[in-house]
Structure formats: structure tokens, C-alpha cells
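Visitor: Before I ask anything, here is the structure I am working with.
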Amino acid sequence: MPHSDAEIRRRIDALGPWFHNMELAGVQTAPDHFLGNYPLIKWQKFADAIPADLSGKSVLDIGCNAGFYSIEMKRRGADRVLGIDFDPAYLTQARFAAEIADCDIEFRELSVYDVAALGESFDIVLFMGVFYHLRHPLLALDLIRQHVAPDLMIFQSMQRGSGEVPALEQNYHFWTHELFDRPEFPKLHFVEHRYADDPTNWWIPNRGCIEAMLRSAGFEILLHPEDEVYFCRASGEPAGGGAVYPAKGRSDERTKR
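Note that numbering that gives the first Met the number 0 numbers the sequence shown so that position 59 is 58, with each residue one more than the last.
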């Protein structure tokens, strides 16, 4: 059933605030976005690197937010698109956006740490704008590699610090100190409290760190079409054995023992 512009505007306002600025039947969801027309301006920088025809492909969009990238994948003809996010408010936005865009997309409330629960792998995995929001970023990469991304992953992360990629040896002597003072040495900058008023910005990598962590998780970098975007293919085994699975238990039960 078609929606009037007024109805769409009312629903957009009711579901706000939006992080994805999307044009739904001509109505923008976040026209005053602090990053501009985001994520369209990001998408336009690497969209040509993705096949225009994704017929027969399955896509998993991890941390789908309001579904911008999920919708773009479906518009390219992907047979199946699944968007996951831990935030139910984002998923409500995504379902509404997909309805207005007339795109058959499935959305589920799920954390990146629980991707094994999907019980399936995908031809293309999108992992865009999530990495720096995670307390355990390398674990997330390991889980993605092991359970859902046997082939192609498209990765994006905010970066700060040096954009240089150092040539590093396989090993260094214990008394090597100066290496860690080099700005290009792989670094994850830890944010204890907030960055950009966001308490979920935990770790912000430099470029050398991103590339090293992708390799460590068993991904080969195929393409770097945009400053923050990497096209990666699963290649080889993750270093250190890959994902770990801590035993779960209630903290109050452990303290009683």
C-alpha cells in the first residue's frame, strides 16, 4: 500500500533520530547529518567496486543500522539479504526503510558476537562502521571469519592517527623500544569514556592496525577503494587459533562459590 509524503514524514519523525540519511520516496531521514549526506557519500566512493548484478548471491549486513547498505545490495539483485543489529530501534527503522524501498530484506536482532547462531555462511559480508564500537574487535573479526565469511568481506572503520603502513619484521628483540614510538606502528587507540559524544566508541585504529588485524583474522586485502574501506577475501587460517569461546555464567553465581 503506497504511503503519502506526509505519512512517510510522520513515520520518519516518530522513528528518529536516524544515523543513516536515506531518501524514502523523496523524503530524507536525516537531512542535517553532521557528516553530510551520509552514508551515500561514503557509498559512492566504493560502489563501483561491487558487481552491479548480485543475482544468486547472499549478503549479510552486520550492524546494518537503518539498512542503507542492505537496500543497496538488494537493489543490485542479491537473492537474499539479511541485516543484523543489536539495537531494536535501528531495526525498526530498517524495516520501514525497506518497506518504502519495496525491498524484500530480512532483519534480525543479533550481535556480531553471536553470528555463529545464524548457522550459515554468506557470499558477501558487510562489516561497515561497527569495528570501533566493539569492546572486543579482534574477537568479532575471528567470529566473522570462522562462521559467516568464507569468501568476501567488505570492511569499513573510522581511523585516526597515521595513515602510513609500515614494513615490519616478523619478530623483534625484547629490548626494542623505539618501534612503539613510531606513529605508523599498528595502534588501537583506546577510548575510556567518550569520543564524539558516543560511549560506544571504544577502539579507534590507525591504518597499519586495521590491515594487520584483518590479516591476523585470516583475511587477505584485495582492494582498498576508499580511505576507510577494504575488500577482503578469506585466506588461510587466523593467527593464534582464531575465535575463542568464553564459558558464560552469571557473575553473582561465581561470587557465591
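Even glycine gets a Cβ: it sits at the ideal position worked out from N, Cα and C.
#1: In whole angstroms, give me the CA-to-CA distance for Met-21 and His-32.
#2: Output the boundary residues of the alpha helix (DSSP H) element that contains Ala-211.
#3: Within a Cβ cutoff of 6 Å, which residues of the same chain sit near Ser-69, ignoring the five residues on either side of it in sequence?
#4: Assuming Asn-205 and Gln-158 make a contact with CB atoms under 8 Å, what is their CB distance in whole Å?
#5: Specify, as a first and last residue, the run of the beta strand (DSSP E) that Ser-54 falls within.
#6: Please name the residue in Lys-247, Ala-100, Ala-96, Glu-183 whose C-alpha comes closest to that of Gly-160.
#7: Note down, in chain order, each residue of its chain lying with its Cβ closer than 6 Å to the Cβ of Leu-133, except the 5 sequence neighbours on either side.
#8: Is it a yes or a no for the segment 144-152 touching the segment 119-135, going by three-plus beta-carbon pairs under 8 Å?
#9: Roughly how many whole angstroms lie between the Cα atoms of Arg-256 and Gly-248?
#10: Beta-carbon within less than 8 Å of Tyr-171's beta-carbon, same chain only, minus the 5 sequence neighbours each way: which residues are those?
#11: Ser-57: which of Asp-122, Ala-29, Ile-40 sits nearest, CA to CA?
#12: What whole-angstrom Cβ distance do Trp-17 and Thr-28 have, given they're in contact under 8 Å?
#13: With DSSP run on the structure shown, which of helix, strand or coil describes Ala-233?
#14: Specify the secondary structure class of Asp-197 as computed by DSSP and reduced to three states.
#15: Going straight from the alpha carbon of Tyr-199 to that of Tyr-131, what length do you get?
#16: Find the nearest neighbour of Leu-222 within the set Phe-45, Glu-6, Pro-136, judged by alpha-carbon distance.
Guide: Quick look at the numbers:
#1: Counting from 1 along the sequence shown, the entry for residue 21 is found at position 22. Counting from 1 along the sequence shown, the entry for residue 32 is found at position 33. So the alpha carbons of these two residues sit roughly 11 Å apart.
#2: Locating residue 211 in the sequence shown gives position 212, counting from the first residue. Start and end: 206-215.
#3: Against the sequence shown, residue 69 aligns to sequence position 70. Within the same chain, Ser-69 has close Cβ partners Asp-60, Cys-63, Val-80, Gly-82, Ile-104.
#4: The count along the sequence shown starts at 1 and reaches residue 205 at position 206. The count along the sequence shown starts at 1 and reaches residue 158 at position 159. With a beta-carbon spacing of about 6 Å, Asn-205 and Gln-158 fall inside the 8 Å limit used to define contacts.
#5: On the sequence shown, residue 54 is found 55 positions in, with the first residue counted as 1. From DSSP, Ser-54 is part of no beta strand (DSSP E); its letter is neither H nor E.
#6: The count along the sequence shown starts at 1 and reaches residue 160 at position 161. Minimum Cα distance to Gly-160 is reached at Glu-183.
#7: Against the sequence shown, residue 133 aligns to sequence position 134. Once the five neighbours on either side are set aside, the close Cβ partners of Leu-133 are Ala-139.
#8: Pairwise C-beta distances place the segment 144-152 in contact with the segment 119-135, as three or more of them are shorter than 8 Å.
#9: Along the sequence shown, read from residue 1 onward, the residue named residue 256 stands at position 257. Along the sequence shown, read from residue 1 onward, the residue named residue 248 stands at position 249. Reliability fails at Arg-256, whose pLDDT of 49 lies under 50, so the model's placement of it is uncertain and the value that follows must be treated cautiously. Counting only the Cα atoms, Gly-248 lies some 12 Å from Arg-256.
#10: Counted from its first residue, the sequence shown places residue 171 at position 172. Here the set comprises Leu-178.
#11: Here residue 57 corresponds to residue number 58 of the sequence shown, with the count starting at 1. Ranked by Cα distance from Ser-57, the options Asp-122, Ala-29, Ile-40 are led by Asp-122.
#12: For this step, residue 17 is matched to residue 18 along the sequence shown. For this step, residue 28 is matched to residue 29 along the sequence shown. That belief holds up - the Cβ atoms of Trp-17 and Thr-28 are roughly 4 Å apart, short of 8 Å.
#13: The residue you call residue 233 lines up with position 234 of the sequence shown. Here DSSP, grouped into helix, strand and coil, assigns Ala-233 to strand.
#14: Within the sequence shown, numbered from 1, the residue matching residue 197 stands at position 198. Of the three classes helix, strand and coil, the one that applies to Asp-197 here is strand, per DSSP.
#15: Within the sequence shown, the letter at position 200 stands for residue 199. Within the sequence shown, the letter at position 132 stands for residue 131. Tyr is not the amino acid found at residue 199; the sequence shown has Thr there. Each residue's Cα considered, the two are about 8 Å apart.
#16: Along the sequence shown, one-based indexing puts residue 222 at 223. Leu-222 has its Cα closest to that of Phe-45, out of Phe-45, Glu-6, Pro-136.
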